[in-house]
Amino acid sequence: MLDQYASATVVSTACNYIMERPDKFTHTYRTYIKLRENGAQELRFWHSNAIDSTWDTGSVARGGEYGGQWRIEAAYVGDGGLEPQGSVVPGSQVRVTFDGGNEVKAVAPGELFWSDPVKIDLPEGHLLAFTWTISTESGGKTVPYNTEQMLVTAFDAPGACADQAAADGFARSENLLVMPALIASAKPVRQRLIFLGDSITQGVRTRRDGYEYWAARIADGLGNDYAVWNLGSGWARAYDAAADRAWLNKVKLGQAPGTNTQIILALGVNDIDIGARTSEELLADLTTIISLLRQNDPTAEIILFTVPPFNFSEEREQVWRRVNDHIRSASLPGVDRVFDMAAQLSQPAPQDHRLRPDFMSSDYDPHPNGAAGKVVADAFLAWYFSDDERER
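Just so you know, we're using the working numbering here: the sequence shown kicks off at 51 and counts up by one.
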């Protein structure tokens, strides 16, 4: 399928949490997304009913676990206007169907599915509004979603109101991004890039609707002939991907043979931090990921990033240093190129394990801000299009 369709946005909709409610529910979710390009186009939506990566200690959501049974009662795409206000332009909504024209879709645990094609024509500068009503027949764990800080504006409302154009009854969503796993457009592209990473790849702590994180800025610099699928997920760690379940399967979907794909791996912060992995364990997980992707498509190019500084101390600082020294040596089998992300963000040695103060998202949070995103993107693009790299 992805030889005909390519990711149409840089927004990550990776799932790191799951709805757990005591009773059945019916609820509507409306999300505003900036597409890579506007105008008339054909879209399809792909979904994976599973949790991609582990949240916190994994007490509620662990990477690879299946979602429960739920049902799409209605889904629409529409013109969200120039600003996300909870409404859509009246008369602009187009119904999204499934399985050859069905307006509803029963979703089984772990199910993978595509929507039917849907055509929409968005004026320049307007946002895509994706709205769907989801219901369950029982309580418990049901719908996987992303619970990190909102990088785009979304609204939700109780009941079945997906067909409603007005904002009445909708409230602004916080820590609740409920979206299909992939928004894809039917268009030929020169190159496909898949970013597999954690919250830093996702863009967490950058400005809502700002698209100023490094993955988004890289996409802008590459242009629309390059498709970018952002699979960054808050709290994610390399061992989530090395387990070869839902999250890595998304990468495999995107690297279908013949699709001219590059995979950018930017993992390690959470492995060192909450995962408390040793350098040997983290490097082994990265090696496993690379091997699995090589087995899936030997033609895909794999670019490995160094682990960015995250103000580690004591033993975690030493793990960070050992891992990055090993990555810089280009000694991981199967890696085509290494980009030194850490060098772009670090303070001068010997404080190079610490993020530059002007790149901190707050006085106490070492998630890189939008200014850091620009520095990383500019350095990556210069490296990516350098004469030496072009000859590879």
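Cβ atoms here follow ideal geometry from the backbone N, Cα and C, with glycine treated the same way.
Going by other Cβ atoms of all chains shown within 10 Å of its Cβ, with 16 needed for buried, is glutamate 198 buried or exposed?
buried
Whose C-alpha, out of Thr328, Leu172, Gly114, is nearest the C-alpha of leucine 85?
Ranking the options by Cα distance to leucine 85, first place goes to Leu172.
When you compare the region 157-170 with the region 250-267, are there three or more beta-carbon pairs, one atom per stretch, that lie closer than 8 angstroms?
no
Under DSSP, the alpha helix (DSSP H) around leucine 303 begins and ends at which residues?
296-304
Note the first and the last residue of the continuous beta strand (DSSP E) segment covering aspartate 428.
Careful: aspartate 428 lies outside any beta strand (DSSP E), inside the alpha helix (DSSP H) at 420-434.
Could you tell me the distance, in whole angstroms, from the CA atom of arginine 366 to the CA atom of alanine 293?
Taking the straight line joining both Cα atoms gives about 23 angstroms.
Contact between the region 134-154 and the region 107-126: three or more CB pairs below 8 angstroms?
yes
Can you tell which of Thr338, Thr349, Val373, Asp415 has its C-alpha closest to the C-alpha of proline 383?
Thr338
Leaving out five residues before and five after phenylalanine 362 in sequence, what residues of the same chain have Cβ atoms less than 8 angstroms from its Cβ?
Ile322, Asp323, Val369, Trp370, His403
If you drop the 5 nearest sequence neighbours on each side, which residues of the same chain put their C-beta closer than 8 angstroms to that of threonine 104?
Asn66, Ala111, Arg112, Gly113, Trp285, Ala286, Arg287, Asp290
Assuming the contact rule is C-beta atoms closer than 8 angstroms, tryptophan 182 and alanine 212 should be a hit. Round their C-beta distance to whole Å, please.
6 angstroms
Between the alpha carbons of glutamine 297 and aspartate 102, how many angstroms are there, rounded?
Residue identity check: residue 297 is tryptophan in the sequence provided, not glutamine. Straight-line spacing of the CA atoms in tryptophan 297 and aspartate 102 works out to 4 angstroms.
Quick one: what does DSSP say serine 188 is sitting in, helix, strand or coil?
coil
Got a sec, what are the start and stop residues for the beta strand (DSSP E) tyrosine 82 sits in?
76-83
Counting Cβ pairs, one atom from each stretch, are 3 or more of them under 8 angstroms apart for the region 238-250 and the region 186-194?
no
Count the other CB atoms, across all protein chains shown, that sit within 10 Å of the CB of glycine 117; report buried if there are 16 or more and exposed otherwise.
buried
Buried or exposed for lysine 74, going by 16 or more other Cβ atoms inside 10 Å?
exposed
Give the range of the alpha helix (DSSP H) segment to which alanine 236 is assigned.
First-last for alanine 236: 232-236, but that is the beta strand (DSSP E), not the alpha helix (DSSP H).
Taking the continuous alpha helix (DSSP H) assigned at methionine 410, which residues delimit it?
For methionine 410, there is no enclosing alpha helix (DSSP H); the enclosing beta strand (DSSP E) covers residues 410-412.
Under three-state DSSP, which class holds asparagine 274?
coil
Specify the secondary structure class of valine 60 as computed by DSSP and reduced to three states.
In the structure shown, valine 60 falls within a coil segment according to DSSP collapsed to helix, strand and coil.
Taking 9 angstroms as the threshold (C-beta atoms), are serine 109 and alanine 217 in contact?
no
What residues in its chain sit with their C-beta under 6 angstroms from that of aspartate 438, if we drop five residues either side in the sequence?
For aspartate 438, the pLDDT reaches just 49, beneath the cut-off of 50, and the residue's location in the model is therefore unreliable, although a value from the coordinates is still provided. Once the five neighbours on either side are set aside, aspartate 438 has no close Cβ partner at all.
I need the DSSP call for glutamine 91, collapsed to helix, strand or coil.
strand
Can you find at least 3 beta carbon pairs, one from the region 354-361 and one from the region 416-435, that sit closer than 8 angstroms?
yes
For valine 154, which three-state DSSP category applies?
Coil.
Got a sec, what are the start and stop residues for the beta strand (DSSP E) leucine 336 sits in?
That residue, leucine 336, is in no beta strand (DSSP E); its alpha helix (DSSP H) goes 329-346.
Would you report the Cα separation of tryptophan 433 and serine 381, rounded to the nearest angstrom?
Approximately 20 angstroms, taken between the alpha carbons.
Helix, strand or coil for alanine 179? Go by DSSP, reduced to three states.
Strand at alanine 179.
Does the distance from the CB of valine 278 to the CB of threonine 81 come in under 9 angstroms?
no
Quick check: what's the CA-CA separation for leucine 281 versus alanine 269?
14 angstroms
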